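J.: Protein chains in written order, with the numbering used here: chain A, 1 to 324; chain B, 1001 to 1283.
Built from N, CA and C at the ideal position, the CB exists for glycine as well.
Just so we're clear, the structure is a prediction, and the values are computed from it rather than from any experiment.
Below you'll find the structure I mean.
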């Protein structure tokens, strides 16, 4: 918050200027004008929303409607195809590949959200104490989130992809065999999840740091006088006090994980044998590699519906939590 | 150093406290070192000579190859143009909309806020397929213009919230003073609110920058010809060759990660991620 102080001082400067500029008749004039001001305000507000609404309708809204049409047709990227009702949905909902992708998405999301939260919160707590060079570590630890996924996935590939890569070679030298991180289905799934946690923990660290900054230090002093252990202080004071921001960060990360494409696709392209195919990767492959637009868009559409329902519910809940 | 010692002296249990501090330093140093291995790998491989190279020690031969023999310069230009236009447009669209969200207290405004919330949670793959077909009709499919439009739309929801969250922190009384002075609502938005919102604007700009600079999916779907590639697709295209030349890949990767890292390190203090959460809860 401190970095926002300097503009606030300019603000007060402006305020003083505005006050000085008040003419003697200013106040009366404002009162007379207030009604026209209100309708004028409404007009201005609408005008200010126009660019946003236009983009929303054309680039966000229209494709959704069109996706609905595609999902009920058996077309391709070039041909619109014929209306087939809900056949595409029936096809996917009865296919193993879809449920396989749904299951991996669930695992990926749960590990991604709670893994990155645990690491992020732990680091945020550690960085809250007095450590020499704390500011530098804070910036350095954000790098995994700042560096483009294309770049970091390249590095991860180099580290683990083949049996002769550094990581398997290192484990081999330690007598642990040479694990095929991206060729074994289970190991590949684990590797992708670990990669996601590595990419996302800085986000959680930032969210947690922000939340922790608002926790009053004197509470801990009082608690330690009362004889509360470190662990008790954490579960009884820290966690309840950062509950709401934590909740928000979980929601955001859930959305990030469910919608994630590059983290998975760049590391494994969904393989081996679909072991790391999430719903988004599945939809992408169905449309752009199998050229089956209908089922692919239907998958995306199902995800969309689920996310709309879930996010509307969560939105309500956050608002309620805010009112309390 | 003396400051540290002074503070340590003033607290009880000095020696223990000081030792704990250095233990934590060692711990965080180790964690950071391990976590940054992949990033160090990128930098190292880009400056270490390749297998067929005659030079020893550090070398810039990979950079020379990438800039001289590939389309890297074109890709960098493409990425820069797309990203800069996205940043400018995203702020230009999100700032006024965020202002309305921050100041307007009507049902319609709340509904619009909810709509934005839903939109940002939708998988981009849903809209990418229809947009690809739509843009193909207008010749925008394999083009940077089309890509930029999609990026602006994709950043809009979060950018609008970030702006709204910042505007919330600017007192309305300031504007009232400006209105009495005879400024219109839009005039006071431009001259009073926006002029004092540099941190908010920067925050939003960094967000839009990161999104469009790092995007892979939209570019993968839209861009077909290699002269139109942005950097992510360019880096990936090196992998499609039969044997991967790691030195060149990493050299281009270094080029790609420099701008976001530099911008973030320089403007880090302005970027408030928790603002997103706050605005989420506030409306």
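Just reading off the alpha helix (DSSP H) that residue 249 (chain A) is part of, what are its end residues?
T.: Element bounds for residue 249 (chain A): 243-258.
J.: Hey, is residue 1165 (chain B)'s beta-carbon within less than 8 Å of any beta-carbon in chain A?
T.: So no, residue 1165 (chain B) is outside the interface.
J.: Report, in whole angstroms, the separation of the C-beta atoms of residue 314 (chain A) and residue 1122 (chain B), which I expect to be a contact under 8 Å.
T.: Incorrect: roughly 14 Å between the Cβ atoms, too far for contact.
J.: Taking only runs of the alpha helix (DSSP H) that begin and end inside the segment 151-180 of chain A, which ones reach a length of at least 4 residues, in chain order?
T.: Here the runs fully enclosed are 166-173.
J.: Taking only the alpha-carbon atoms, compute the straight-line gap between residue 139 (chain A) and residue 242 (chain A) and give it to the nearest angstrom.
T.: Spanning the two alpha carbons is a distance of roughly 22 Å.
J.: Do residue 1046 (chain B) and residue 1254 (chain B) have their C-beta atoms closer together than 8 Å?
T.: Yes, they are a contact pair.
J.: Quick test of your reading: residue 278 (chain A) and residue 161 (chain A), contact by CB under 8 Å. State the CB separation rounded to the nearest angstrom.
T.: Rounded, the Cβ-Cβ distance is 20 Å, inconsistent with contact.
J.: If we ignore side chains and look at the alpha-carbon of each, how far apart do residue 1044 (chain B) and residue 266 (chain A) end up?
T.: Each residue's alpha carbon lies about 21 Å from the other.
J.: State the beta-bridge partners of residue 73 (chain A) as determined by DSSP.
T.: Paired residues: A:83.
J.: Would you say residue 156 (chain A) lies against chain B (beta-carbon separation less than 8 Å)?
T.: Yes, its Cβ sits closer than 8 Å to a Cβ of chain B.
J.: Could you confirm whether any beta carbon from chain B is found closer than 8 Å to the beta carbon of residue 132 (chain A)?
T.: Residue 132 (chain A) counts as touching chain B.
J.: Could one say the Cβ of residue 24 (chain A) lies closer than 8 Å to chain B's Cβ atoms, at least one of them?
T.: Caution is warranted here: a pLDDT of 35 is assigned to residue 24 (chain A), below 50, making its placement in the model unreliable, and the coordinate value is therefore given only provisionally. Judged by the 8 Å Cβ criterion, residue 24 (chain A) is not in contact with chain B.
J.: Of all the residues that make up the segment 226-245 of chain A, which are near chain B by a beta-carbon distance shorter than 9 Å?
T.: Those residues of the segment 226-245 of chain A that come within reach of chain B (Cβ to Cβ, closer than 9 Å) are 244, 245.
J.: When you compare each of B:1063, B:1048, B:1172 to residue 1056 (chain B) by their alpha carbons, which one comes out closest?
T.: With distances taken between Cα atoms, residue 1056 (chain B) lies closest to B:1048.
J.: Output needed in chain order: residues of the segment 59-87 of chain A with a Cβ under 7 Å from some Cβ in chain B.
T.: Answer in chain order: 59, 60, 63, 64, 66, 67, 70, 77.
J.: Residue 1066 (chain B) CB to nearest chain A CB: under 8 Å?
T.: Residue 1066 (chain B) does not count as touching chain A.
J.: Just how far apart, CA to CA, sit residue 202 (chain A) and residue 112 (chain A)?
T.: Each residue's alpha carbon lies about 12 Å from the other.
J.: Just to confirm the assignment, what range does the alpha helix (DSSP H) spanning residue 194 (chain A) have?
T.: That run of the alpha helix (DSSP H) goes 185-213.
J.: Would you say residue 333 (chain A) and residue 287 (chain A) are within 8 Å of each other, going by their C-beta atoms?
T.: This structure cannot settle anything about residue 333 (chain A), because the visible part of chain A is limited to 1 through 324.
J.: Identify which residue in B:1212, B:1106, B:1038, B:1159 has its Cα closest to the Cα of residue 38 (chain A).
T.: Closest option to residue 38 (chain A), Cα to Cα, is B:1106.
J.: Return the chain-ordered list of same chain residues with a C-beta closer than 6 Å to the C-beta of residue 1166 (chain B), the five sequence neighbours on each side being excluded.
T.: Correct list, in chain order: 1197, 1200.
J.: Could you tell me whether any Cβ in chain B is nearer than 8 Å to the Cβ of residue 126 (chain A)?
T.: For residue 126 (chain A), the answer is yes, since a Cβ of chain B falls inside 8 Å of its Cβ.
J.: DSSP on residue 1019 (chain B), reduced to helix/strand/coil?
T.: Three-state result, residue 1019 (chain B): helix.
J.: Do residue 206 (chain A) and residue 245 (chain A) come within 8 Å of each other at the CB atom, strictly closer than that value?
T.: No, they are not a contact pair.
J.: Are there 16 or more other CB atoms within 10 angstroms of the CB of residue 1016 (chain B), so buried, or fewer, so exposed?
T.: Residue 1016 (chain B) should be labelled exposed.
J.: Determine the closest residue to residue 986 (chain B) out of B:1067, B:1115, B:1037, B:1094, with distance taken between C-alpha atoms.
T.: The requested residue 986 (chain B) is not part of the displayed model; chain B covers only 1001 to 1283.
J.: I'd like to know if residue 92 (chain A) contacts chain B, where contact means its C-beta is closer than 8 Å to some C-beta of that chain.
T.: So no, residue 92 (chain A) is outside the interface.
J.: Check each candidate in A:230, A:222, A:171, A:181 and name the one with the smallest Cα separation from residue 276 (chain A).
T.: Checking every option, the nearest Cα to that of residue 276 (chain A) belongs to A:181.
J.: Who are the neighbours of residue 1214 (chain B) on chain A, taking C-beta pairs under 7 Å?
T.: By Cβ distance, chain A contributes 148, 149.
J.: My output table needs one value for residue 312 (chain A): the three-state DSSP class, helix, strand or coil.
T.: DSSP places residue 312 (chain A) in helix when its eight states are reduced to three.
J.: Is it the case that the Cβ atoms of residue 84 (chain A) and residue 152 (chain A) are separated by a distance below 8 Å?
T.: Their beta carbons are not under 8 Å apart, which means residue 84 (chain A) does not touch residue 152 (chain A) by this criterion.
J.: Return helix, strand or coil for residue 1058 (chain B), following the three-state DSSP convention.
T.: DSSP places residue 1058 (chain B) in coil when its eight states are reduced to three.
J.: Mind checking which residues open and close the alpha helix (DSSP H) that includes residue 1214 (chain B)?
T.: Residue 1214 (chain B) -> alpha helix (DSSP H) spans 1198-1214.
J.: Got a sec, what are the start and stop residues for the alpha helix (DSSP H) residue 1077 (chain B) sits in?
T.: Looking at the DSSP string, the run of the alpha helix (DSSP H) that includes residue 1077 (chain B) is 1072-1103.
J.: Can you confirm whether residue 114 (chain A), when its beta carbon is compared against all beta carbons of chain B, has any partner nearer than 8 Å?
T.: False, the Cβ-Cβ gap to chain B never drops below 8 Å.
J.: Tell me, please, whether the CB atom of residue 317 (chain A) is closer than 8 Å to any CB atom in chain E?
T.: Judged by its chain identifiers, the structure shown contains no chain E, and its protein chains are A and B.
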